[in-house]
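There are 2 protein chains.
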Amino acid sequence: MVYIGVDLGGTNIAVGLVSEEGKILHKDSVPTLLERGPEPVIRDMGTLSLKVIKDAGYSVDDVKAIGVGVPGLANADGVVIFCPNLKWHMVPLRKIMQEIINKPVFIDNDATVAALAESVAGASAGVPNSVFLTLGTGVGGGIVINHKIYSGSHGVGSELGHMSVKYDGRQCTCGAYGCWEQYSSATALIRNAKEAIEGHPESLILAEAGGDVEKIDARCVIDASRKGDPIACKIYGEYIHYLAVGIVNIINSIDPEVIAIGGGVSNAGEYLMEPLREEVKKLIFYKDLPYARIELATLKNDAGIIGSAMLGK
Amino acid sequence: MVYIGVDLGGTNIAVGLVSEEGKILHKDSVPTLLERGPEPVIRDMGTLSLKVIKDAGYSVDDVKAIGVGVPGLANADGVVIFCPNLKWHMVPLRKIMQEIINKPVFIDNDATVAALAESVAGASAGVPNSVFLTLGTGVGGGIVINHKIYSGSHGVGSELGHMSVKYDGRQCTCGAYGCWEQYSSATALIRNAKEAIEGHPESLILAEAGGDVEKIDARCVIDASRKGDPIACKIYGEYIHYLAVGIVNIINSIDPEVIAIGGGVSNAGEYLMEPLREEVKKLIFYKDLPYARIELATLKNDAGIIGSAMLGK
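Protein sequence lines, in the order shown, are assigned to chains A and B. Mapping the first sequence onto this note's numbering, position 119 (from 1) lands on 119, and the numbers just tick up by one. Offset between the second sequence (1-based) and this note's numbering: plus 1000.
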């Protein structure tokens, strides 16, 4: 049997046909065109799934299940409760999808499905317990326990970006204070850079962005830091410290075998991982015992398709 | 079949014979007398187990397994890696115990076994995913996932007291900064009270301790707060706020059905639980979704015996 994995993003819908082993056999994508509202978007997800099956030389009968990764939260009835960036609220995704392909439809959070993908075919392949973190607009997290996604008792487990690491810190969009993503997301890195260069227009961060403050992204800060720019080095160092604090919190609570790091900031590669591992080592509780390996996620943009597909396995 | 549960503390060894359902059939205790070193203590654990079996009218053949809850960490080989308060390091507990009773011996952390006890026969009975917290000298934690103890991949999972809730906060005995137990243990409450009354000898906290600073305990602060003492109210309010921050971190990561609260501070009962639930409610991420019930642990001193016994089930 094969599986359909759908990665629903704000810009594109990506669909792949995936083997039992988590290998993509064929994939395709179309623009999401969010402004149409949910129903036509979901219909396109179904139509593209049929096309991918056909183009790969398979039939609908070969497909065991469909999985969909959404940038939000879904319930056990296949209803998308909430996708802030898509502005979706209580959308009966499974029902609409099944009008086009009548297969079991599984829906989960995009960071959660990426965690499953990495655990099946990526950085944490083969280990029972792992955590995946995506450092992007926010800090997304997914937990795999005993080779299965762990979403908690109310489906909100693994909101790791909303662990508070500073009880009196910055207020988060969630209403609480000092949430980890206020310090360890790409957004936080960019915000801190913008604030810091206000008094320091000579910083290389600005040069990396072609002189346009609005164009500063995580790469600008990281590349300026590589070149030794003092402002960038300071901001990036603090960023890594916060990242380490949250990772040690995960080690002290969930104690996985692997913590896989993905998302935009992870493009820094070893320039992120090396100092991060050093910081984690300093903060670890049981210094004599083995603890989680911290690894770069390997599946990149395919994680959404593979992980969604594996939901139905 | 029946089970032996051993609760190893710094002052007493408590042993109980426990039914399949987690009910104590008979129990007894002897002083630990730590200064003798580990081996005689473990031999006493074995001898007392034999006595408890006999006194309860059972034979050794009726016993399926022995469980031991230790104030520290053990490995899969039945070796106690580390018990800071007992000053035990790499003690072959299982081996010595089996010289006295040759049954399977399971060893786990005392907070972890209490979590299992509450999940079998206490505040979280019947739900698959729960967390137990003990607010005492430190903040101990135990995680139960799918009705089983979850200790992580290296046995250090559920060190919830060492989640940092203030990245630049007080340094903890573990070496890291701002660990939850630096704010939410009974020790932290007492420390804050002692610091606060330095400039305020009129505080009722001191009166509750009979005028002796060294006798201030959690009860003194809580009772002074009940009576409206402004210093006590402030300290207790802050204490509850920190407790809520850590609990919300657990909700956002592990999302259990029940969080059961035990340990000395929990003797405050609803005077703790009511404001705690209010604080948690303010900080919760998904305000419209159900989340963990926060309950008083119910098994008190029996939790160690029951949970240890259930390790072998």
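The C-beta atom is built at its ideal place from N, Cα and C for all residues, glycine as well. This structure is a prediction, so every number in the text was calculated from the model and none was measured.
- Residue pairing by DSSP places ASN1075(B) in no beta bridge whatsoever.
- Look at the beta carbons and you see the region 1266-1283 of chain B not touching the region 1140-1149 of chain B: under three pairs across the two are nearer than 8 Å.
- Contact between VAL1265(B) and LEU1189(B) is confirmed by a C-beta separation of about 7 Å, below the 8 Å threshold.
- About 2 Å separates the beta carbon of GLY1152(B) from that of ASP255(A), a gap short enough to meet the 8 Å contact definition.
- TYR1236(B) is outside the set of residues whose beta carbon lies under 9 Å from a beta carbon in chain A.
- Against HIS154(A), the close residues of chain B are ASP1255, LEU1289, PRO1290, TYR1291, in the order they occur along the chain (beta-carbon pairs closer than 7 Å).
- Shown here for ASN12(A): same chain residues with a beta carbon closer than 8 Å to its own, the five before and five after excluded, namely SER29, VAL30, PRO31, THR32 in chain order.
- When the alpha-carbon of ASP110(A) is set against those of VAL156(A), VAL213(A), VAL258(A), LEU289(A), the nearest one is in VAL156(A).
- Chain A places no beta carbon closer than 9 Å to that of PHE1106(B), leaving this residue out of the contacts.
- Contact between GLY141(A) and SER184(A) is absent: CB atoms are separated by about 11 Å, not below the 8 Å threshold.
- As for any alpha helix (DSSP H) of minimum length 4 sitting wholly inside the region 1270-1304 of chain B, the runs are 1270-1283, ordered along the chain.
- Annotation: the continuous beta strand (DSSP E) that includes PRO31(A) extends over 24-31.
- Within chain B, the residues ASN1252, PHE1285 have their CB atoms less than 7 Å from the CB of HIS162(A), given in chain order.
- For the pair PHE1132(B) and GLY1262(B), the CB atoms are nearer than the 9 Å cut-off.
- Between GLY72(A) and the set ALA56(A), LEU93(A), LYS54(A), the nearest pair of CA atoms involves LEU93(A).
- Residue burial annotation: VAL213(A) is exposed, with fewer than 16 other C-beta atoms found within 10 angstroms of its C-beta.
- Taking C-beta atoms as the reference points, VAL127(A) and VAL221(A) fail to come closer than 9 Å.
- Going by DSSP, VAL1041(B) is part of no beta strand (DSSP E) but of the alpha helix (DSSP H) stretching over 1038-1055.
- Only residues of its own chain outside the window of five on either side were considered, and among them MET97, ILE100, ILE101 have a CB closer than 6 Å to the CB of GLY46(A), listed in chain order.
- Nearest neighbour of LYS1215(B) by Cα position, chosen from ILE1235(B), THR1187(B), ALA1244(B), turns out to be THR1187(B).
- At a C-beta separation below 8 Å, CYS174(A) has these neighbours in chain B: PHE1285.
- Taking the beta carbon of LYS166(A) as reference, the chain B residues within 9 Å of it are SER1164, VAL1165, LYS1166, TYR1167, ASP1168, GLY1169, GLY1178, listed in sequence order.
- In the three-state reduction of the DSSP assignment, ALA14(A) falls in the strand class.
- Linking LYS1282(B) to TYR177(A) through their CA atoms gives a straight-line distance of about 11 Å.
- If only uninterrupted alpha helix (DSSP H) runs of at least 4 residues are considered, those enclosed by the region 1075-1141 of chain B are 1093-1100, 1110-1121.
- Taking the C-beta atoms as reference points, SER1130(B) is found nearer than 9 Å to ALA1260(B).
- Within its own chain, the residues whose Cβ lies closer than 7 Å to the Cβ of ALA65(A), once the five positions on either side in sequence are excluded, are TYR3, LYS103, PRO104, PHE106, GLY312, listed in chain order.
- Spatial neighbours of VAL139(A) in its own chain (CB-CB distance under 6 Å, excluding positions within 5 residues in sequence) are listed in chain order as GLY161, TRP180, GLU181, SER184, SER185.
- A contact between stretches requires three or more CB pairs, one per stretch, nearer than 8 Å, and the region 223-232 of chain A fails this requirement with the region 112-120 of chain A.
- Across the region 1223-1249 of chain B, CB contacts with chain A closer than 9 Å involve HIS1241, TYR1242, VAL1245, GLY1246, VAL1248, ASN1249, in sequence order along the chain.
- ILE145(A) reaches chain B at ILE1145, TYR1150, counting residues in chain order whose Cβ is nearer than 8 Å.
- Inclusion of VAL68(A) and LEU135(A) in the CB contact set at 9 Å is not warranted, their separation being larger than that value.
- By the C-beta density criterion, GLU208(A) is buried, having at least 16 other C-beta atoms within 10 angstroms.
- Taking every protein chain shown into account, the CB of ASP1108(B) has 16 or more other CB atoms within 10 angstroms, so this residue is buried.
- Boundaries of the beta strand (DSSP E) around TYR1003(B): 1002-1008.
- Among the bridge pairs identified by DSSP, LYS148(A) is matched with ILE145(A).
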